[in-house]
Structure formats: C-alpha cells, structure tokens
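Undergrad: Below you will find the structure I want to go over with you.
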C-alpha cells in the first residue's frame, strides 16, 4: 500500500493552516512513518505535483490522502479522522469525525 499526502500552498505563498494542523496530528500520533510521499499543491503553479494529483482525482480541498493498493483503484480521503480510522486502524469517535466533517463543509449544519 502506498499513501500520499497532498498539502497546499496558498496563492499568496503561505502554507495552508489546515494542512499544518493535519501534519502536526500525524507527527504527534506517530503516523508519519505510514506516509510514503508528501506532495505540494501550490496554487501559484497549476503544474505542481499536488495540483496535478488533485485534478486527476477531482479533489478541491486540502489536505487529502491518496491510498493506493496493488490491483485496486486509489481511494481518496479528505477527512483526516476517517483516514486514520479506515487506514491507520486507529479508533476515533463518531462525534470527532462529525465535527471535522462540519468544519470542512460550512454549507452543512446540524439537524
């Protein structure tokens, strides 16, 4: 299995805050050894490796993870906690996952 993390550099050259937060969580959780490759999606360069991968998989948010297994289609994760639960086999609570999904999707609201 190959895991690629794509993080973003904003158009003004600053790093993506959410990406930095996810990197910090990966490091503090001891998960960085599971990440095989880190690519940069630089908004100033549509041909940067991360932008090309985002275009290939039609992903419009960062950070995101691409999980590739032999003889299977790649699976894309845009929610960190779901990635941890599904791929790194760590338990996260449903409320933590729901909170992150809501934070990533401001158009959603509690019912």
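Residue numbers (the numbering used here): 1346 to 1456. Positions of the beta carbon are idealized from the N, C-alpha and C atoms, including for glycine. Being a predicted model, the structure only gives us computed values, none of them experimental.
Can you name the residues that DSSP bridges to residue 1350?
TA: Position 5 of the chain shown, counting from 1, holds the residue named residue 1350. Answer is 1383, 1410.
Undergrad: In whole angstroms, give me the CA-to-CA distance for residue 1429 and residue 1379.
TA: Here residue 1429 is taken as the residue at index 84 of the chain shown, counted from 1. Here residue 1379 is taken as the residue at index 34 of the chain shown, counted from 1. Using only the alpha carbons, I get a separation of about 11 Å.
Undergrad: Between the stretch 1366-1376 and the stretch 1391-1401, do at least 3 Cβ pairs fall closer than 8 Å?
TA: Taking 8 Å as the limit for Cβ pairs, the verdict is that the stretch 1391-1401 does not touch the stretch 1366-1376.
Undergrad: Rounding to the nearest angstrom, what Cα-Cα distance links residue 1433 and residue 1425 in this structure?
TA: Translated into the one-based positions of the chain shown, residue 1433 becomes position 88. Translated into the one-based positions of the chain shown, residue 1425 becomes position 80. Answer to the nearest angstrom: the Cα atoms are 11 Å apart.
Undergrad: For residue 1414 and residue 1346, I'd like the C-alpha separation in whole angstroms.
TA: On the chain shown, residue 1414 is found 69 positions in, with the first residue counted as 1. On the chain shown, residue 1346 is found 1 positions in, with the first residue counted as 1. If you take the alpha carbons of residue 1414 and residue 1346, they lie about 5 Å apart.
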